[in-house]
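To start, the structure itself, in structure tokens.
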Amino acid sequence: MSAGLAPIADPSYYTVSDAKFEDFRRIVEQKTLHEDYPLASSIAKDLIPIYDCPALRAAGKLTPVWSDPANLPLREEFIRALKRGPGVVVFRGAFTNMEEFDAGTKVLEELIQGQRKVDKLVRDENYIVPNTNEHWAKRDPGSYSDYFKNDVIALASGAWLGPWYQMTSQISQCVPGNKAQRMHRDYHLGVGDRFPYKRGDDVISPIAAAVFPAHMHVSSHYMTLQGAIAHVDMPLESGPTMFLPYSQLYEHGYLTSGVPEFYEYFAANHVQTPLQKGDAVFFSPGIYHGAGQNNSGPKTNTPPVDRIANLLQISSAFGRPSDNADRRATTNYVYPHLLEQRKKFQESGGKAGYSDNELWNIISSTAEGYLFPTNLRFVNGIFQAPQNEVVWKALMNGTPPEELAKVLEEEEKLNKNGIPPI
1425 MSAGLAPIAD PSYYTVSDAK FEDFRRIVEQ KTLHEDYPLA SSIAKDLIPI
1475 YDCPALRAAG KLTPVWSDPA NLPLREEFIR ALKRGPGVVV FRGAFTNMEE
1525 FDAGTKVLEE LIQGQRKVDK LVRDENYIVP NTNEHWAKRD PGSYSDYFKN
1575 DVIALASGAW LGPWYQMTSQ ISQCVPGNKA QRMHRDYHLG VGDRFPYKRG
1625 DDVISPIAAA VFPAHMHVSS HYMTLQGAIA HVDMPLESGP TMFLPYSQLY
1675 EHGYLTSGVP EFYEYFAANH VQTPLQKGDA VFFSPGIYHG AGQNNSGPKT
1725 NTPPVDRIAN LLQISSAFGR PSDNADRRAT TNYVYPHLLE QRKKFQESGG
1775 KAGYSDNELW NIISSTAEGY LFPTNLRFVN GIFQAPQNEV VWKALMNGTP
1825 PEELAKVLEE EEKLNKNGIP PI
């Protein structure tokens, strides 16, 4: 420490014993000021910024290119909300073409039904299909592409994670009577509070997160973006996601989700916002949250609601996604459709098909955008192109699908094996 400077409280590790409930309450009992989020149409419960997407589009403040300077004020508000604000925002009307949207919902429901036929475990919480994106693209590349051309998905992903993000999703169904989820934080370290850290058979720590240094607790917030797209109207009785705004700011939060006074506080003070079909919610993986209990139906004398949401988990290029997605296969599934839609756009003068901006949004949610890991770094003194750039170039040149498939397969082999020394 330099002479004359006071010591700074900067722990190397967080411990449960250091967690102070009074500090937690002080953090989560803040209110959100509308003046801090001027583009928001309202602040739900004085906590959650609500953005009116059709109005923002009409005003030129939400465009298909997430890095567009016109989007900068919205990106800055979004970052502020997740980084030091309530940790969650709602985008009303993120999807407005209900014909396209409903076609996607139909496919997602088929995926749920298909998995339920082979899954014998009865669940009383929300039911999830892992690696939804790859299954969806294989089954119906058209509705998949219509979905991921979306400007809000691209803006939220790019704003929080920067370029080269990795998209995964899990469709979730919660039928009437399903109970609420346990309060939790999400991937990465959100997993570390549920399992011990073991070395062989020896348990080193009953909570794996406690073995990670403090700076990794902070980093975990920034490696992932969580999202949920409402595929049906979700009134409060259907149990939309429960949130405890500002809880992502609590430093010890990965260690305290199982501490009684913390989850009891969550149970008494969480907030929920009703959603309409086509709305999108994006939130920090560090916020305390959980799927709500579906009380729709006779219990509340309301129409029963099969609550269906597509749970987006978008990873930084520098992290690992939770789903083991085959991005080359997913790209090959959708590429013929993208070729067709680009041709339609050109032949119709932009009245049909996908624009280049929409095509890039789809590719960004499908292909691998980051060059690494690779064993082919320096071939003839240059880096090879990442997968998304290879796909984009092929699309612009009208490369046939079978030719692109061969190129992607060869690149994958070279990335893994490199070029053997002579």
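Note that the numbering used here has the sequence shown beginning at 1425, numbered continuously upward. All C-beta atoms, glycine included, are put in the ideal place defined by N, C-alpha and C.
Between the Cα of Thr1529 and the Cα atoms of Leu1545, Ser1567, Leu1496, Glu1500, which residue gives the shortest distance?
Taking the first residue of the sequence shown as 1, we reach residue 1529 at position 105. Considering only alpha carbons, the answer is Ser1567.
Per DSSP, what kind of secondary structure is Ala1634 in: helix, strand or coil?
Against the sequence shown, residue 1634 aligns to sequence position 210. Looking at Ala1634 - three-state DSSP - the assignment turns out to be helix.
For Val1814, is the classification buried or exposed, using 16 other Cβ atoms within 10 angstroms of its Cβ as the cut-off for buried?
The residue you call residue 1814 lines up with position 390 of the sequence shown. Label assigned to Val1814: buried.
Whose C-beta lies closer than 6 angstroms to the C-beta of Asn1785 among residues of the same chain, with five residues either side of it excluded?
Residue mapping note: residue 1785 aligns to position 361 of the sequence shown, counting from 1. Taken in chain order, the residues that qualify are Lys1573, Ala1578.
Report buried or exposed for Pro1431, applying the criterion of at least 16 other Cβ atoms within 10 angstroms of its Cβ.
Within the sequence shown, residue 1431 is the residue found at index 7, counting from 1. Confidence is the limiting factor: at Pro1431 the pLDDT is only 49, short of 50, which leaves the residue's position unreliable, though a coordinate-based value still follows. So Pro1431 counts as exposed.
Under 8 angstroms, do Lys1603 and Glu1549 count as touching if we go by C-beta distance?
For this step, residue 1603 is matched to residue 179 along the sequence shown. For this step, residue 1549 is matched to residue 125 along the sequence shown. A contact, by the Cβ cut-off of 8 angstroms.
Excluding the 5 residues flanking Lys1830 on each side, which residues of the same chain have their C-beta closer than 8 angstroms to its C-beta?
Reading the sequence shown from its first residue, position 406 is the one you call residue 1830. There are no such residues.
Starting from Met1640, follow its DSSP beta bridges and name the residues at the other end.
As a working note, residue 1640 is residue 216 in the sequence shown. Partner(s): none; Met1640 has no beta bridge.
Let me check one thing: in DSSP terms, what residues is Leu1535 bridge-paired to?
Residue 1535 sits at position 111 when you count from the first residue of the sequence shown. In the DSSP output, where bridge partners are listed per residue, Leu1535 has none listed.
Which class does Val1512 belong to by DSSP, given the choice of helix, strand or coil?
Position 88 of the sequence shown holds residue 1512. The answer is strand: DSSP assigns Val1512 an E or B state.
If you draw a straight line from the C-alpha of Val1489 to the C-alpha of Ser1739, how long is it?
Walking along the sequence shown from the start, residue 1489 turns up at place 65. Walking along the sequence shown from the start, residue 1739 turns up at place 315. If I take the Cα positions, the gap works out to 19 angstroms.
Could you give the DSSP three-state label for Glu1661: helix, strand or coil?
What you label residue 1661 is simply residue 237 of the sequence shown in a count that begins at 1. It is helical.
Buried or exposed for Pro1630, going by 16 or more other Cβ atoms inside 10 Å?
As a position in the sequence shown, residue 1630 is number 206, starting the count at 1. Exposed: under 16 other Cβ atoms inside 10 Å.
Check each candidate in Asn1557, Glu1500, Phe1448, Glu1523 and name the one with the smallest Cα separation from Asn1748.
Looking up residue 1748 in the sequence shown gives position 324. Answer by Cα proximity: Asn1557.
Since I believe Ile1472 is in contact with His1458 (beta carbons under 8 angstroms), could you give me their beta-carbon distance rounded to a whole number of angstroms?
As a first step, residue 1458 is located in the sequence shown; it is residue number 34 there, counting from the start. As a first step, residue 1472 is located in the sequence shown; it is residue number 48 there, counting from the start. 12 angstroms between Cβ atoms; not a contact.
Give the C-beta separation of Pro1698 and Pro1664 to the nearest angstrom, bearing in mind that I take them to be a contact with Cβ-Cβ under 8 angstroms.
Mapped onto the sequence shown, residue 1698 falls at position 274. Mapped onto the sequence shown, residue 1664 falls at position 240. Going by Cβ atoms, the distance from Pro1698 to Pro1664 rounds to 6 angstroms, so yes, they are a contact pair.
Under the rule that 16 or more other beta-carbon atoms within 10 Å means buried, what is Met1820, buried or exposed?
Mapped onto the sequence shown, residue 1820 falls at position 396. Exposed, because fewer than 16 other Cβ atoms sit within 10 Å of the Cβ of Met1820.
Suppose the cutoff is 8 angstroms on Cβ atoms and the five residues either side in sequence are ignored; what does the same chain contact list for Arg1449 look like?
For this step, residue 1449 is matched to residue 25 along the sequence shown. Counting only Cβ-Cβ distances below 8 angstroms, and skipping sequence neighbours, we find Tyr1689.
Report the option in Asn1555, Phe1525, Ala1527 whose CA atom is closest to the CA atom of Gln1539.
By one-based count along the sequence shown, residue 1539 stands at place 115. It is Asn1555.
Taking the beta carbon of Ala1891 as the centre, do at least 16 other beta carbons fall within 10 Å, making it buried, or is it exposed?
One cannot answer for residue 1891 here, as it falls past the ends of the chain, which runs 1425 to 1846.
Given a threshold of 16 other Cβ atoms within 10 Å of its Cβ, counted over all protein chains shown, does Thr1790 qualify as buried or as exposed?
The residue you call residue 1790 lines up with position 366 of the sequence shown. Answer is buried; the Cβ neighbour count reaches 16.
Using only alpha-carbon positions, find the residue among Ala1733, Ser1788, Leu1673 that is nearest to Val1758.
Here residue 1758 is taken as the residue at index 334 of the sequence shown, counted from 1. The candidate whose alpha carbon is nearest that of Val1758 is Ser1788.
Judging by CA-CA distance, which residue of Gln1765, His1559, Gln1594 is the nearest neighbour of Ala1753?
As a working note, residue 1753 is residue 329 in the sequence shown. Here the closest residue by C-alpha is His1559.
Look at the Cβ atom of Ala1671, then the Cβ atom of Tyr1646, and state whether they are nearer than 8 angstroms.
What you label residue 1671 is simply residue 247 of the sequence shown in a count that begins at 1. What you label residue 1646 is simply residue 222 of the sequence shown in a count that begins at 1. In the sequence on display, residue 1671 carries Ser and not Ala. No.
When the distance is taken between beta carbons, is Ser1593 closer than 8 angstroms to Gln1737?
On the sequence shown, residue 1737 is found 313 positions in, with the first residue counted as 1. On the sequence shown, residue 1593 is found 169 positions in, with the first residue counted as 1. Yes; because the gap between Cβ atoms is below 8 angstroms, this pair is in contact.
With a cut-off of 8 angstroms on the beta carbons, I'd call Ala1704 and Tyr1589 a contact; round off their distance for me.
Position 280 of the sequence shown holds residue 1704. Position 165 of the sequence shown holds residue 1589. The pair is not a contact, with the Cβ atoms about 16 angstroms apart (cut-off 8 angstroms).
Across which residues does DSSP place Pro1473 in a beta bridge pair?
Against the sequence shown, residue 1473 aligns to sequence position 49. Ile1467.
Within this structure, are the beta carbons of Gly1714 and Met1666 separated by less than 8 angstroms?
For the purposes of this step, residue 1714 is taken as the residue at position 290 of the sequence shown. For the purposes of this step, residue 1666 is taken as the residue at position 242 of the sequence shown. Yes, Cβ-Cβ distance for Gly1714 and Met1666 is below 8 angstroms.
Taking the beta strand (DSSP E) that Asp1575 falls in, what are its first and last residues?
Against the sequence shown, residue 1575 aligns to sequence position 151. It is not in any beta strand (DSSP E) - Asp1575 instead sits in the alpha helix (DSSP H) that spans 1575-1585.
Ordered along the chain, which non-local residues of its own chain (more than five positions away) have a Cβ less than 6 angstroms from that of Ala1561?
Here residue 1561 corresponds to residue number 137 of the sequence shown, with the count starting at 1. So the list reads Tyr1568, Thr1754, Tyr1757, Val1758, once near-sequence residues are dropped.
Hey, quick one: how far does the beta strand (DSSP E) through Gly1822 stretch, first residue to last?
Here residue 1822 is taken as the residue at index 398 of the sequence shown, counted from 1. Where Gly1822 is concerned, there is no enclosing beta strand (DSSP E), given that its DSSP letter is neither H nor E.
DSSP on Phe1619, reduced to helix/strand/coil?
The count along the sequence shown starts at 1 and reaches residue 1619 at position 195. In the structure shown, Phe1619 sits in coil (DSSP, three-state: anything other than H, G, I, E or B).
In terms of residue numbering, what span does the alpha helix (DSSP H) encompassing Asp1780 cover?
Along the sequence shown, one-based indexing puts residue 1780 at 356. Note, Asp1780: alpha helix (DSSP H), 1780-1788.
For Asp1526, which three-state DSSP category applies?
Within the sequence shown, the letter at position 102 stands for residue 1526. Helix.
Say the cut is 7 angstroms; is the CB of Val1512 nearer than that to a heavy atom of the ligand NAD?
Here there are no bound small molecules, and the ligand NAD is not part of this structure.
Considering just the uninterrupted stretch of the alpha helix (DSSP H) at Thr1754, what are its terminal residues?
As a first step, residue 1754 is located in the sequence shown; it is residue number 330 there, counting from the start. First-last of the alpha helix (DSSP H) with Thr1754: 1751-1771.
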